[in-house]
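The next block holds one structure in the form of structure tokens; read it before the comments.
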Amino acid sequence: MTKMVVFDMDGTIANLYGVENWLEYIHNEDPYPYKVAECLYDPVELLTVVNELKANGWKIAITSWLAKGGSKEYNAKVRQAKIEWLSIFPYDEIHIVKYGTTKANCTRGKADFQILVDDNEMVRNSWNLGGTIDANKNILKELRKLLDF
Ligand SMILES: [Mg+2]
1 MTKMVVFDMD GTIANLYGVE NWLEYIHNED PYPYKVAECL YDPVELLTVV NELKANGWKI
61 AITSWLAKGG SKEYNAKVRQ AKIEWLSIFP YDEIHIVKYG TTKANCTRGK ADFQILVDDN
121 EMVRNSWNLG GTIDANKNIL KELRKLLDF
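So for the sequence shown, the numbering used here puts the first residue at 1; every next one is plus one.
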């Protein structure tokens with residue numbers, strides 16, 4: 001059985017909403033908050049568990065929405081900022097997609113069992129490829145549980 005963990009970014013691993021005036025920047029189509037968002041976890045701890053998952057046979061994906069209502073130009077800047085933010089994150093595949101995209105459609109068929117890690121309840125509820133982890137709680141503990149899976 002092939003297995004995959006799919007990570008959201010904003011509010012899940014990247015503290016976008018912790019950047020002061022983040023929404024104003026986005027409305028002004030400034031990619032600044034995507035560039036300076038801090039990691040919500042100790043990066044060493046997060047990268048350690050992700051690498052352990054990989055060593056245990058999990059594929060790692062990122063599926064992240066672009067800003068709501070972003071222009072083509074802004075979307076390109078945000079995509080670039082997100083890829084740079086993830087520079088040392090060991091993902092196998094990445095989907096930076098239009099706001100509101102059904103996330104399951106991005107990785108459907110890529111693994112038999114897929115766990116989505118996401119802070120958005122509506123997105124988690126629409127996930128039908130395996131299981132979900134609620135990123136409003138500490139995800140490290142839940143990710144470590146997958147090591148025994
Ligand atoms: Mg999110």
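Note that CB positions come from ideal geometry on N, CA and C, so glycine has one too.
### Query
Are residue 135 and residue 118 closer than 8 Å when you measure CB to CB?
In the sequence shown, the residue the question calls residue 135 occupies position 135. In the sequence shown, the residue the question calls residue 118 occupies position 118. In this structure, residue 135 places its C-beta atom within 8 Å of the C-beta atom of residue 118.
### Query
Assuming residue 91 contacts residue 61 under a Cβ cut-off of 8 Å, what Cβ separation, rounded to an integer in Å, is found between them?
Residue numbering aside, residue 91 sits at position 91 when the sequence shown is read from its first letter. Residue numbering aside, residue 61 sits at position 61 when the sequence shown is read from its first letter. About 6 Å; that satisfies the 8 Å criterion.
### Message
Which runs of the alpha helix (DSSP H) at least 4 residues long sit entirely within the stretch 76-131? Give them in chain order.
### Response
Listed in chain order, the complete alpha helix (DSSP H) runs (minimum 4 residues) inside the stretch 76-131 are 104-107 and 121-125.
### Message
Here's the rule: buried if 16 or more other CB atoms are within 10 angstroms of the residue's CB, otherwise exposed. What is residue 87?
### Response
The sequence position of residue 87 within the sequence shown is 87, counting from 1. So residue 87 ends up on the exposed side.
### Query
When you compare only the Cα positions, how much space is there between residue 108 and residue 7?
Your numbering for residue 108 matches position 108 in the sequence shown. Your numbering for residue 7 matches position 7 in the sequence shown. When the Cα atoms are used, residue 108 and residue 7 turn out to be separated by approximately 14 Å.
### Query
With respect to the alpha helix (DSSP H) encompassing residue 13, which residues constitute its N-terminal and C-terminal limits?
As a first step, residue 13 is located in the sequence shown; it is residue number 13 there, counting from the start. Element bounds for residue 13: n/a, residue is neither H nor E.
### Message
Are the CB atoms of residue 45 and residue 146 within a distance shorter than 8 Å?
### Response
Residue mapping note: residue 146 aligns to position 146 of the sequence shown, counting from 1. Residue mapping note: residue 45 aligns to position 45 of the sequence shown, counting from 1. No; because the gap between Cβ atoms is not below 8 Å, this pair is not in contact.
### Message
Given this structure, state the Cα-to-Cα distance separating residue 133 from residue 24, to the nearest angstrom.
### Response
The count along the sequence shown starts at 1 and reaches residue 133 at position 133. The count along the sequence shown starts at 1 and reaches residue 24 at position 24. The alpha-carbon atoms of residue 133 and residue 24 are separated by roughly 29 Å.
#### Entry: 7 Å CB neighbourhood of residue 22 in its chain, flanking five on each side removed
Here residue 22 is taken as the residue at index 22 of the sequence shown, counted from 1. The answer, listed in chain order, is 16 and 33.
### Task
Check residue 67 in the structure and name its three-state DSSP category.
Counted from its first residue, the sequence shown places residue 67 at position 67. Secondary structure at residue 67: coil, using DSSP grouped into helix, strand and coil.
### Task
Quick one: measure Cβ to Cβ for residue 66 and residue 41, integer angstroms, because I've assumed they're closer than 8 Å.
Residue 66 sits at position 66 when you count from the first residue of the sequence shown. Residue 41 sits at position 41 when you count from the first residue of the sequence shown. Actually they are not in contact, since the Cβ atoms of residue 66 and residue 41 sit about 23 Å apart, beyond 8 Å.
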